[in-house]
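Q: Handing you this structure, nothing more for now.
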Amino acid sequence: MIEVARDGAVAVLTIDRQDALNALNVETLTELRDRLRELADDAGVRAVVLTGAGDKAFVAGADIKYMSGLGPDEARAWGGLGHEAASLLETMPKPAVAAINGFALGGGCELALACDLRYASSRAKLGQPEINLGIVPGWGGTQRLARVCGIAVAKDLIYSGRTIDAEEALRVGLVNAIADPVLETALEVAHGLAEKAPLALAAAKSLINRSPAALGADAEEFGALFASADTKEGLTAFLEKRKPEFRGA
Ligand code: COA
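Shown next, in the form of structure tokens:
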């Protein structure tokens, strides 16, 4: 099941299927997709934290038992569902922060990669072990891992299927920082982001996530922000030497 808790303007999504190390089956992944849709549209939520229940796993991947019975068409649909969830994290107009509290393998690593920021507990283990099952990452991991860590690291991890610890994940840029307890740090970061100007943050996210072909689009987005009250407020507050109050308009 997926638990949603609100902490002010921050929503915490917890994937809870602990008897399978929070591996995602159809029911859990569908529920995650549905909750992400709601949070993406909820203007009262300014940042989302994604984590796993318990102290062992973030998400140990897609459910291998379920996948072992799939034919090609069903597997395509399963890939599509994972893509929907990952794309929502990537495209929602607010930051998504992964609190990686244990195993983040396969689809778990892919969901973390779709988040804007990733924090890992010192005991976290990350990787894309699909190759060991005769498959490949199917929820965007090939592109996103290459984008986040570079092609050489993506090829190393995806070809070898090896699992790396938090220290190595930090070294290769797969996580932003190691922190214990990781949820506390992720929440602190999310609350800090929730205080920023929402329109500017959404524009920054969308610009950073665009392909290099979209270079130049930033001038357009930059200009459009000057129609908002928050931009005026941010610039004026600086000149008046006070803290800005952003309203999301
Ligand atoms: N799908 C389904 N069930 C999973 C799972 C997955 N991806 N990952 C773990 N589980 C289940 C195990 O089958 C086990 O269930 P059981 O108690 O009914 O046998 C339970 O979670 C605990 O896992 P277990 O393997 O006993 O724990 P461990 O601490 O010895 O090992 C892992 C942990 C993560 C190394 C190991 O579970 C693993 O390799 N999982 C698969 C990871 C993977 O390949 N993910 C990518 C899928 S595309």
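Under the working numbering, the first residue of the sequence shown is numbered 1289, with each subsequent residue one higher. Ideal placement from N, C-alpha and C gives every residue a C-beta, glycine not left out.
Tell me the start and end of each unbroken beta strand (DSSP E) in the segment 1433 to 1492 that is at least 3 residues and wholly inside, in chain order.
A: You should have 1451 to 1453.
Q: The ligand COA and Gly1357: does any heavy atom of the ligand fall closer than 7 Å to the residue's C-beta?
A: The residue you call residue 1357 lines up with position 69 of the sequence shown. Gly1357: no, Cβ never under 7 Å from the ligand COA.
Q: With respect to the beta strand (DSSP E) encompassing Gly1415, which residues constitute its N-terminal and C-terminal limits?
A: The sequence position of residue 1415 within the sequence shown is 127, counting from 1. First-last of the beta strand (DSSP E) with Gly1415: 1413 to 1415.
Q: Specify whether the segment 1376 to 1386 and the segment 1475 to 1493 touch according to this definition: at least 3 beta carbon pairs, one from each stretch, less than 8 Å apart.
A: Touching, per the Cβ criterion.
Q: Since Val1347 sits in a beta bridge, which residues does DSSP pair it with?
A: Looking up residue 1347 in the sequence shown gives position 59. Val1347 is bridged to Ala1392.
Q: Since Ala1454 contacts Ser1410 with CB under 8 Å, what's their CB separation in whole angstroms?
A: In the sequence shown, counting from the first residue as 1, residue 1454 sits at position 166. In the sequence shown, counting from the first residue as 1, residue 1410 sits at position 122. So it is a contact: roughly 5 Å between Cβ atoms.
Q: State yes or no: is the C-beta of Leu1393 within less than 8 Å of the C-beta of Leu1317?
A: On the sequence shown, residue 1393 is found 105 positions in, with the first residue counted as 1. On the sequence shown, residue 1317 is found 29 positions in, with the first residue counted as 1. No, the Cβ-Cβ distance between Leu1393 and Leu1317 is not below 8 Å.
Q: Using a 10 Å radius around the Cβ and a threshold of 16 neighbouring Cβ atoms, would you call Pro1469 buried or exposed?
A: Taking the sequence shown and counting its residues from 1, the one referred to as residue 1469 is at position 181. With fewer than 16 Cβ atoms within 10 Å of its Cβ, Pro1469 is classed as exposed.
Q: For a test of your reading of the model: does the CB of Lys1484 fall under 7 Å from any non-hydrogen atom of the ligand COA? Yes or no.
A: Here the question's residue 1484 lines up with position 196 in the sequence shown. Lys1484 Cβ: outside cutoff for every heavy atom of the ligand COA.
Q: Would DSSP call Leu1309 helix, strand or coil?
A: As a position in the sequence shown, residue 1309 is number 21, starting the count at 1. Note: Leu1309 maps to coil in three-state DSSP.
Q: Assuming Arg1406 is part of the alpha helix (DSSP H), what are its boundary residues?
A: Counted from its first residue, the sequence shown places residue 1406 at position 118. Arg1406 -> not in any alpha helix (DSSP H); beta strand (DSSP E) instead, spanning 1405 to 1408.
Q: Which residues does DSSP pair with Leu1338 in a beta bridge?
A: As a first step, residue 1338 must be located in the sequence shown, where it is residue number 50. Leu1338 pairs with Leu1301, Ala1386.
Q: Going by the DSSP bridge assignment, what does Glu1418 pair with across the sheet?
A: Working through the sequence shown from its first residue, we reach residue 1418 at position 130. BP columns for Glu1418 are empty, so no partner.
Q: Can you give me the C-alpha to C-alpha distance between Lys1520 and Leu1513, rounded to a whole angstrom?
A: Mapped onto the sequence shown, residue 1520 falls at position 232. Mapped onto the sequence shown, residue 1513 falls at position 225. Taking the straight line from one Cα to the other gives about 9 Å.
Q: Have a look at Asp1444, Leu1377, Asn1389, Arg1498 and flag the residue whose alpha-carbon is nearest the alpha-carbon of Ala1299.
A: Sequence index remark: in the sequence shown, residue 1299 carries index 11 (1-based). Minimum Cα distance to Ala1299 is reached at Leu1377.
Q: Throw me the rounded Cβ distance for the Ala1387 and Ala1474 pair, which I believe falls under 8 Å.
A: Position 99 of the sequence shown, counted from the first residue, corresponds to residue 1387. Position 186 of the sequence shown, counted from the first residue, corresponds to residue 1474. About 4 Å; that satisfies the 8 Å criterion.
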